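Same order as they appear, the protein sequences are chains S and A.
When we follow my numbering, the leftmost residue of the first sequence carries the number 1, and every step to the right adds one.
When we follow my numbering, the leftmost residue of the second sequence carries the number 1001, and every step to the right adds one.
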Amino acid sequence: MCLGVPAKILETGDGAAVVELGGVRREISVMLIDDVSVGEWVIVHAGFAIEKLSEEEAEQTLALFREIADAT
Amino acid sequence: MQLKYIDDFRDPATAKALVERIRGDAGDAPVRLMEVCGTHTVAIARGGIRPLLAGAVTMLSGPGCPVCVTPDGYIDAAIALGTKRGALLASFGDMLRVPGKSSSLEKEKGMGLEVRVVYSPLDAVTLAAATPDREVVFLGVGFETTAPAIGGAIKTAAVRGVENFSVLTSVRTIPEAMGVLAADPEVRIEGFLCPAHVSVVIGTDAYRPVAQRYGIPCVVAGFEPLDILMGISMLLRQKKEGVARVENEYSRVATAAGNRKAQDLIRDVFVPCDTGWRGIGVIPGSGLRIADRYASFDAEKKFGHPVVFAMEGSACRCGDVLKGKILPVNCPLFGKACVPEEPYGPCMVSSEGTCAAYYKYGAV
Chain S
1 MCLGVPAKIL ETGDGAAVVE LGGVRREISV MLIDDVSVGE WVIVHAGFAI EKLSEEEAEQ
61 TLALFREIAD AT
Chain A
1001 MQLKYIDDFR DPATAKALVE RIRGDAGDAP VRLMEVCGTH TVAIARGGIR PLLAGAVTML
1061 SGPGCPVCVT PDGYIDAAIA LGTKRGALLA SFGDMLRVPG KSSSLEKEKG MGLEVRVVYS
1121 PLDAVTLAAA TPDREVVFLG VGFETTAPAI GGAIKTAAVR GVENFSVLTS VRTIPEAMGV
1181 LAADPEVRIE GFLCPAHVSV VIGTDAYRPV AQRYGIPCVV AGFEPLDILM GISMLLRQKK
1241 EGVARVENEY SRVATAAGNR KAQDLIRDVF VPCDTGWRGI GVIPGSGLRI ADRYASFDAE
1301 KKFGHPVVFA MEGSACRCGD VLKGKILPVN CPLFGKACVP EEPYGPCMVS SEGTCAAYYK
1361 YGAV
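Spelled out as structure tokens, the structure:
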């Protein structure tokens, strides 16, 4: 029930934004996050962006995974 | 189609390397870890992670399925608001089959109860605005992940003046429940795999009291298979080093302090309260009720119909399953009197229930 889906912001407006979720464009509320811009990634839960996704942190985690995979 | 930030965290070769790393760190006896969250339970079952780690790690499933821990008295109250008070109910889909004392929303729906399934609490506000001659009651069930969305809907209704909207709340907070489990000598947890999205809201620092007071390592992990395996590996490394701290595998979204805006909204709309968890009992300070300044949106007050909590007595052992004391297969009803098509206990109802996940993906 606490599932949240990564989605890219396509449009922004007054407290709301449009994202693509599973191939469908959907309006979500961005009242829980600060200053979101087009192109940023957010986690969507129950129609709300609950946080931004840091692409830099994601890359660091993936780099760590590659390191572990290469070491074995 | 490659799904960014999803498929990246599902690579089989990396999963294999992580499993080897976990096995390399494991001792003679399996380490007892608990995944607190139902979304983790489903991901672990679907990913076939338990058999991969057999002998090295025993994964216990925790109480983190909001639908499963919602007491039957709540369902009874929701049904009564619809049938006796004529309210139009709006609910998340997974609540419909949860058994109350003698019925469920789904059964009542078959007999004429009006229940609309919504994706977002905001959809229920929109529904209320579109049907001004009806009282719309949203069934606000969830943990800290969902609390800001429920609070956001209440604030939106207040701002827009949607007076025929109210919420029957069943909102619970996770760290308090973890404290109860950590203190239970029968459960014997050696590490907590902490929820991804609850932690996004409350911040990973929220688990420091559990780690410090009980000496249990805590790792926040994402919901994809590599996240889970990495989280388990980090827990084993802590155990090996003999430390108990809070670590964050899900750093791409969760932070130490959490989402302050969401926390502020929760503090504005809700106040902490003692609340009953189905099968577990009352946990002090583990619930959120609507603050008095938003009392007109509190369905219990608006209709004078409080939710009554009582521990149900039956052969159903969901309570012990939710506490990680037994596996679903150890319940006398599992797979016999209790199956997904005809669930007896709440753990079989929700797709994220431990029993439903075990039943669907094999009892391993």
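Ideal Cβ placement from N, Cα and C applies to all residues, glycine included.
Just so it is clear, the structure is predicted and the values come from calculations on it, not from any experiment.
By the CB criterion at 9 angstroms, Asn1259 (chain A) and Val1219 (chain A) fall outside the cutoff. The three-state secondary structure of Ser1233 (chain A), taken from DSSP, is helix.
The alpha-carbon of Asp1133 (chain A) is positioned some 20 angstroms away from that of Ala1295 (chain A).
Under the 10 Å beta carbon count, Thr72 (chain S) is surrounded by fewer than 16 other beta carbons and is classified as exposed.
For Leu1265 (chain A), the closest Cβ of chain S is nearer than 9 angstroms.
Of all alpha-carbon atoms in A:Ile1154, A:Arg1208 and A:Ser1170, the one lying nearest the alpha-carbon of Glu1163 (chain A) is that of A:Ile1154. The beta carbon of Val1339 (chain A) does not come within 9 angstroms of any beta carbon belonging to chain S, so the residue lies off that interface.
Interface with chain S (9 angstroms Cβ-Cβ cutoff): Ser1350 (chain A) is included. Cβ contact annotation for Lys1302 (chain A) (same chain, cutoff 7 angstroms, sequence separation greater than five): Ser1166 and Ser1296, in chain order.
Judged by beta-carbon spacing, Gly1279 (chain A) lies beyond the 9 angstroms limit of Met1034 (chain A), meaning their Cβ atoms are not closer than that value. DSSP, read as helix, strand or coil, puts Met1348 (chain A) in helix.
The C-beta distance from Gly1100 (chain A) to Asp1076 (chain A) rounds to 4 angstroms, short enough to fall under 8 angstroms.
Within a 10 Å sphere around the beta-carbon of Ala1147 (chain A) sit 16 or more other beta-carbons, which makes this residue buried. In the DSSP assignment, Val1036 (chain A) falls within the beta strand (DSSP E) that extends over Val1031 to Cys1037. In this structure, the beta-carbon distance from Thr1354 (chain A) to Cys1065 (chain A) falls below 9 angstroms. Nearest CB-CB separation between Gly13 (chain S) and chain A: not below the 9 angstroms threshold. Under DSSP, Cys1338 (chain A) takes part in a beta bridge, and its partners are A:Phe1334. Per DSSP, Lys1323 (chain A) lies in no beta strand (DSSP E) and is assigned neither H nor E.
Between the segment 1115-1124 of chain A and the segment 1084-1097 of chain A, the count of Cβ pairs shorter than 8 angstroms is three or higher; the stretches touch. Neighbours of Leu10 (chain S) across chain A, judged by C-beta separation under 8 angstroms, do not exist; the nearest C-beta is about 14 angstroms away.
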